[in-house]
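Peer 1: Submitted below is the structure of interest, expressed as structure tokens.
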Amino acid sequence: MANLLELENVSKIFGGGFFNRSNVTIAVQDVSLAIPEDRPTITAIAGESGSGKTTLARLLLGVIPPTSGQVRYQGEDVQRMRSRDWLNFRREVQPIFQDPFEAYNPFYTVDHVLHRPIRNFKLALNAQERDQRIEESLRMVGLQPDETLGRYPHQLSGGQRQRVMVARALLLRPRIILADEPVSMVDASLRATILRSIRDLNRDFGISVIYITHDLTTAYQMCDNIIVMYRGVVAEAGSVEEVIQNPKHPYTQLLIDSVPQPDPKAAWGEEDDESVDRVDESSIVTDQCKFAPRCKYVMAECTDSAPPLRTIGPNQLASCFLYTDQPEVEDPDIGQSFEYPVIEPAEVTN
4 MANLLELENV SKIFGGGFFN RSNVTIAVQD VSLAIPEDRP TITAIAGESG SGKTTLARLL
64 LGVIPPTSGQ VRYQGEDVQR MRSRDWLNFR REVQPIFQDP FEAYNPFYTV DHVLHRPIRN
124 FKLALNAQER DQRIEESLRM VGLQPDETLG RYPHQLSGGQ RQRVMVARAL LLRPRIILAD
184 EPVSMVDASL RATILRSIRD LNRDFGISVI YITHDLTTAY QMCDNIIVMY RGVVAEAGSV
244 EEVIQNPKHP YTQLLIDSVP QPDPKAAWGE EDDESVDRVD ESSIVTDQCK FAPRCKYVMA
304 ECTDSAPPLR TIGPNQLASC FLYTDQPEVE DPDIGQSFEY PVIEPAEVTN
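Here the sequence shown is numbered in our numbering, starting from 4 and rising by one per residue.
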């Protein structure tokens, strides 16, 4: 089965150098995943701050090169693409960033960010065709062209600015949209609208979505599959139903337990100390399980070596020594390992 976009044993290391080899940060370590070409999916990459999510996004976009491993699009190494193939990759893999305001030049109207991709990729023969495509894209994300075009970024709400960026991505008819925390800086009342727009692109236009988030609630509502990362490594992965409903890795369990639950019996200010436990992660070495200092199930094996990914079920993987009786994943192309059960997505709510 062909892959559209894939990572193969990719690692990214920052810092170090010839004169300073001690100050090294391993942002992503030995990660493999695959986005299939024959069926559009929505895959979440989840984890807390510092887990490597944004670095992984930059690797997938080809913005930074991996220290080791390969990023491939339609079988070709992204870092070695010829100019024509690179241009095609840039058009077919489109980002939506966390802060929509940073994507705008305040001296131009929002028309500027919509005109540029059409001109750069020569998508319209004349101004009339250009304007028609822009108006169609705006309507697809719930914006009225006459209320949006001609305005400066500060004259639009945060939700409107973010939907303009979704419309911009849609203009290029991409095959993959990489959305990095697209609703984290938007009012709660507008999150549902933006998430629904992204989900509609997947359903109506066959666009695969890589959804990067720390919010497990929206990941569960939006996605087919999920990859949970911790300090640059994959802790758990699988279908979102399996991972959220029946988490196997202690870190995933901790993440899910930390999601606030309404409890009228709880007194104001009460919290579970275990759920907010922190350690000095600068002292953690790399030849052990990275979650070991925070894990309540820690064993001798956890401090001796890093656990490999193991197959826990038909749609679930986890890297944990609690499951040494389960087989190791020989070729961890996360994404191809799952059967993608056909599940009607839950309605996105505010």
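Note that the Cβ used here is the ideal one computed from N, Cα and C, for glycine as well.
Remember, predicted model here, so these are calculated numbers, not experimental data.
Can you tell me whether D190 is buried or exposed? The criterion is at least 16 other CB atoms within 10 Å of its CB, across all chains shown.
Peer 2: Working through the sequence shown from its first residue, we reach residue 190 at position 187. The residue is exposed, with fewer than 16 neighbouring Cβ atoms inside 10 Å.
Peer 1: My assumption, with CB atoms under 8 Å, is that R234 sits in contact with S54. Please give the rounded CB distance.
Peer 2: Here residue 234 refers to the residue found at position 231 of the sequence shown. Here residue 54 refers to the residue found at position 51 of the sequence shown. Sure, about 6 Å apart at Cβ, within 8 Å.
Peer 1: How is M84 classed by DSSP in three states: helix, strand or coil?
Peer 2: Numbered from 1 along the sequence shown, position 81 holds the residue referred to as residue 84. M84: coil per DSSP, three-state reduction.
Peer 1: Is there contact here, the segment 171-178 with the segment 148-155, by at least three beta-carbon pairs under 8 Å?
Peer 2: No, they do not touch.
Peer 1: Would you tell me roughly how many angstroms separate the C-alpha atoms of Q329 and L10, rounded to the nearest one?
Peer 2: By one-based count along the sequence shown, residue 329 stands at place 326. By one-based count along the sequence shown, residue 10 stands at place 7. Their Cα atoms are separated by approximately 24 Å.
Peer 1: My output table needs one value for A127: the three-state DSSP class, helix, strand or coil.
Peer 2: Here the question's residue 127 lines up with position 124 in the sequence shown. A127: coil per DSSP, three-state reduction.
Peer 1: Could you check whether V212 and R171 sit closer than 8 Å to each other, using their CB atoms as the reference points?
Peer 2: In the sequence shown, the residue the question calls residue 171 occupies position 168. In the sequence shown, the residue the question calls residue 212 occupies position 209. Not a contact, by the Cβ cut-off of 8 Å.
Peer 1: Taking the C-alpha atoms as reference points, what is the distance between S278 and T255?
Peer 2: Translated into positions along the sequence shown, residue 278 becomes position 275. Translated into positions along the sequence shown, residue 255 becomes position 252. Unreliable placement is indicated for S278, whose pLDDT of 39 sits below 50; the coordinate value is still reported in the next sentence. Cα to Cα, S278 sits roughly 12 Å from T255.
Peer 1: What are the complete alpha helix (DSSP H) segments, minimum 4 residues, inside the segment 7-84?
Peer 2: 56-63
Peer 1: Taking the alpha-carbon of N6 as reference, which of K251, V66, D80 has the nearest alpha-carbon?
Peer 2: Reading the sequence shown from its first residue, position 3 is the one you call residue 6. The shortest C-alpha to C-alpha distance from N6 to any of K251, V66, D80 is the one to D80.
Peer 1: At which residues does the alpha helix (DSSP H) containing N205 begin and terminate?
Peer 2: The count along the sequence shown starts at 1 and reaches residue 205 at position 202. Its alpha helix (DSSP H) spans residues 191-208.
Peer 1: Thinking just about the alpha-carbon of each residue, which of S52, Y76, L59, L64 is nearest to the one in P2?
Peer 2: The question about residue 2 has no answer, for the chain in this structure spans 4 to 353.
Peer 1: With H, G and I counted as helix, E and B as strand and the rest as coil, what does DSSP make of E331?
Peer 2: One-based indexing of the sequence shown puts residue 331 at position 328. Here E331 sits in strand by DSSP.
Peer 1: With DSSP as the reference, label E150 as helix, strand or coil.
Peer 2: Within the sequence shown, numbered from 1, the residue matching residue 150 stands at position 147. It is helical.
Peer 1: For the candidate residues F92, Q158, L258, R122, whose alpha-carbon lies nearest to that of T112?
Peer 2: On the sequence shown, position 109 is the one that residue 112 refers to. Residue Q158 is the option with its Cα nearest to T112.
Peer 1: Given that a residue counts as buried once 16 or more other Cβ atoms are within 10 Å of its Cβ, and exposed if not, what is A130?
Peer 2: In the sequence shown, residue 130 corresponds to position 127, counting from 1. The residue in question, A130, is exposed, as its Cβ has fewer than 16 Cβ neighbours within 10 Å.
Peer 1: Over the uninterrupted beta strand (DSSP E) stretch that includes P98, give me the two end residues.
Peer 2: Here residue 98 corresponds to residue number 95 of the sequence shown, with the count starting at 1. Under the DSSP assignment, P98 falls in the beta strand (DSSP E) whose first and last residues are 96-99.
Peer 1: Measuring alpha carbon to alpha carbon, tell me which residue in G316, R164, Q147 is nearest V243.
Peer 2: Start at 1 with the first residue of the sequence shown, and residue 243 comes out as number 240. Out of G316, R164, Q147, G316 has the C-alpha closest to the C-alpha of V243.
Peer 1: How do the segment 217-227 and the segment 44-63 stand: do at least 3 beta-carbon pairs fall below 8 Å, yes or no?
Peer 2: yes
Peer 1: Would you kindly work out how many angstroms separate the C-alpha atoms of S14 and D41, rounded to a whole number?
Peer 2: Here residue 14 is taken as the residue at index 11 of the sequence shown, counted from 1. Here residue 41 is taken as the residue at index 38 of the sequence shown, counted from 1. When only Cα atoms are considered, S14 and D41 end up about 27 Å apart.
Peer 1: Could you check where the alpha helix (DSSP H) with M232 kicks off and where it finishes?
Peer 2: Within the sequence shown, the letter at position 229 stands for residue 232. M232 -> not in any alpha helix (DSSP H); beta strand (DSSP E) instead, spanning 228-233.
Peer 1: How about V236 and K293: do their beta carbons lie closer than 8 Å?
Peer 2: For the purposes of this step, residue 236 is taken as the residue at position 233 of the sequence shown. For the purposes of this step, residue 293 is taken as the residue at position 290 of the sequence shown. A contact, by the Cβ cut-off of 8 Å.
Peer 1: Can you grab the Cα-Cα spacing for the pair N91 / L126, in whole Å?
Peer 2: Position 88 of the sequence shown, counted from the start, is the residue given in the question as residue 91. Position 123 of the sequence shown, counted from the start, is the residue given in the question as residue 126. Approximately 12 Å between the Cα atoms of the pair.
Peer 1: What residues match up with S242 in a beta bridge as DSSP calls it?
Peer 2: Numbered from 1 along the sequence shown, position 239 holds the residue referred to as residue 242. Beta-bridge pairing links S242 to N228.
Peer 1: Going by Cα to Cα distance, which pick from K251, P311, Q147, I247 is closest to V332?
Peer 2: One-based indexing of the sequence shown puts residue 332 at position 329. Looking at the Cα atoms, P311 is the closest of the given residues.
Peer 1: Could you give the distance in angstroms between the alpha-carbon of R93 and the alpha-carbon of P120?
Peer 2: One-based indexing of the sequence shown puts residue 93 at position 90. One-based indexing of the sequence shown puts residue 120 at position 117. If I take the Cα positions, the gap works out to 10 Å.
Peer 1: Taking DSSP as the reference, what is the three-state secondary structure of V282?
Peer 2: Against the sequence shown, residue 282 aligns to sequence position 279. In this prediction, V282 has a pLDDT of 40, which is less than 50 and means its spatial position is unreliable; nothing more can be read from the coordinates.
Peer 1: Quick check on this structure: which residue in M188, E184, S140, D149 has the alpha carbon closest to the alpha carbon of V167?
Peer 2: As a position in the sequence shown, residue 167 is number 164, starting the count at 1. Residue S140 is the option with its Cα nearest to V167.
Peer 1: Compute the beta-carbon to beta-carbon distance between L174 and R136, rounded to the nearest angstrom, for a pair I have assumed lies under 8 Å.
Peer 2: For this step, residue 174 is matched to residue 171 along the sequence shown. For this step, residue 136 is matched to residue 133 along the sequence shown. About 6 Å separates the two Cβ atoms, so the contact holds.
Peer 1: What's the gap between the Cα of D307 and the Cα of K56?
Peer 2: The residue given as residue 307 occupies position 304 in the sequence shown. The residue given as residue 56 occupies position 53 in the sequence shown. Taking the straight line joining both Cα atoms gives about 26 Å.
Peer 1: Is the beta carbon of C323 less than 8 Å from the beta carbon of H252?
Peer 2: On the sequence shown, position 320 is the one that residue 323 refers to. On the sequence shown, position 249 is the one that residue 252 refers to. The answer is yes: Cβ separation under 8 Å.
Peer 1: How close, in whole Å, do the beta carbons of L320 and A195 come, if the pair is a contact with beta carbons under 8 Å?
Peer 2: Translated into the one-based positions of the sequence shown, residue 320 becomes position 317. Translated into the one-based positions of the sequence shown, residue 195 becomes position 192. With a beta-carbon spacing of about 31 Å, L320 and A195 fall beyond the 8 Å limit used to define contacts.
Peer 1: Taking the alpha-carbon positions, what's the V74 to L63 distance?
Peer 2: By one-based count along the sequence shown, residue 74 stands at place 71. By one-based count along the sequence shown, residue 63 stands at place 60. Taking the straight line joining both Cα atoms gives about 7 Å.
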